[in-house]
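See below for the structure under consideration.
Right, here's the structure in full:
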């Protein structure tokens, strides 16, 4: 990657791309490499044992023990990546310069200005806020990252006209100065490309609908969730454990864990309130399954009516190995069972 070559080899792929992605795509982490590695028992077992014993013979660990524990962990990671792939982008200023020189720059910049327009707001503050509104979709790495701020954003802001820094300026001046700063950012990104891990997901209830339409799979999933809950001497479960159960079925329902996405948490909390799912009463197994299905159905309807989209961008500060060989060892050592 240090050579700047585009499109490092990767067996992974993205199923959908809801937004325009800019930057050179270095790799896509979608869990397929993990599944392949775990699926090859000889390679996986030898690799795991070698990693945890640092190649030392006679260490007090067996291949089977590590393979069982790590396969569960890695397959869980693979499922998460398959659901929410992570795209690794190399942002080098080309797309940002294309945005600045293109027809969308002025209308988008004016729109951003309209949201921060206030009497007496100085130029420096307006430009800083404007930069925070730009995303990887514009070719801008996350300004909130400390390295990006210190090495890209803050130096670029020095290009602002000194005599206007603390003055409120006209729209025309704002556009001119913003373009000047972005040109400088693009130049610095060309000299020091930034690697960004980008992911995005939309919770629209479609996974819940598929789950609810398959009665057999739904019943099996809820039976597993029921068995894992603590019960009283009458084999009943208090409703307070419904949130725990919902977290357990969340991956199959295409939902994030509780606490991960505030907007989804709000939907779930409202559904629990509507269905009196927090009243502390005890539930038998069939009552539990019935109420869980109602909760899932209500969440589905809410998300279908108002889908929730989220995206995440994180700067990768360590050099990346080629994506296809990140997990696989260059050679598999011969380690005794």
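Numbering (full-length UniProt numbering), first residue to last: 1 to 337. The beta carbon of each residue, even a glycine, is placed where N, CA and C say it ideally should be. Quick caveat: nothing in here was measured; it's all calculated off a predicted structure.
Residues in the same chain with beta-carbon distance under 8 Å from residue i, minus the five sequence neighbours each way, listed in chain order, please.
i, result
"residue 292", "222, 225, 242, 245, 246 and 249"
"residue 261", "203, 308 and 310"
"residue 212", "218, 293, 296, 297 and 300"
"residue 106", "175"
"residue 141", "91, 148, 152, 189, 194, 196, 313 and 315"
In angstroms with no decimal places, state the Cα-to-Cα distance between residue i and residue j.
i, j, result
"residue 275", "residue 295", "7 Å"
"residue 310", "residue 161", "36 Å"
"residue 129", "residue 297", "40 Å"
"residue 96", "residue 176", "16 Å"
"residue 258", "residue 252", "14 Å"
"residue 191", "residue 205", "43 Å"
"residue 207", "residue 180", "45 Å"
"residue 228", "residue 314", "35 Å"
"residue 263", "residue 273", "16 Å"
"residue 110", "residue 173", "12 Å"
"residue 108", "residue 99", "10 Å"
"residue 101", "residue 270", "46 Å"
"residue 356", "residue 74", "The structure shown does not extend to residue 356, since the chain spans only 1 to 337, so no value can be given for it."
Taking residue i as the reference, give the member of the options with the closest Cα.
i, options, result
"residue 267", "153, 114, 306 and 175", "306"
"residue 187", "71, 157 and 278", "157"
"residue 144", "132, 136 and 151", "132"
"residue 90", "236, 286, 290 and 197", "197"
"residue 147", "194, 263 and 104", "194"
"residue 127", "136, 116, 302 and 151", "116"
"residue 114", "170, 285, 235 and 304", "170"
"residue 233", "102, 99, 284 and 288", "284"
"residue 88", "136, 102 and 122", "136"
"residue 254", "112, 138, 209 and 214", "209"
"residue 289", "265, 236, 304 and 302", "236"
"residue 138", "121, 104, 123 and 124", "104"
Which whole-angstrom value describes the C-beta separation of residue i and residue j, a residue pair presumed to lie in contact below a C-beta threshold of 8 Å?
i, j, result
"residue 230", "residue 282", "Actually they are not in contact, since the Cβ atoms of residue 230 and residue 282 sit about 12 Å apart, beyond 8 Å."
"residue 93", "residue 189", "3 Å"
"residue 199", "residue 112", "Incorrect: roughly 24 Å between the Cβ atoms, too far for contact."
Can you give me the Cβ contacts of residue i inside the same chain, cut-off strictly under 6 Å, excluding the 5 residues immediately before and after it?
i, result
"residue 317", "none"
"residue 183", "none"
Closer than 7 Å by C-beta to residue i: which residues in its own chain qualify, once you throw out the five before and the five after it? Chain order, please.
i, result
"residue 201", "84 and 310"
"residue 159", "180, 181 and 184"
"residue 277", "239, 242, 291 and 295"
"residue 149", "143"
Quick check: is any heavy atom of the ligand FAD less than 7 Å from the C-beta of residue i?
i, result
"residue 234", "The ligand FAD is absent from the structure shown, which contains no ligand whatsoever."
Contiguous alpha helix (DSSP H) assignments of at least 4 residues, all confined to the region 169-254 = 171-191, 206-213, 215-227 and 242-253
Hey, which unbroken runs of the beta strand (DSSP E) at 3 residues or more fall wholly within the region 80-151?
-> 86-91
Any alpha helix (DSSP H) of 4 or more consecutive residues that is wholly inside the region 278-318 | 285-305
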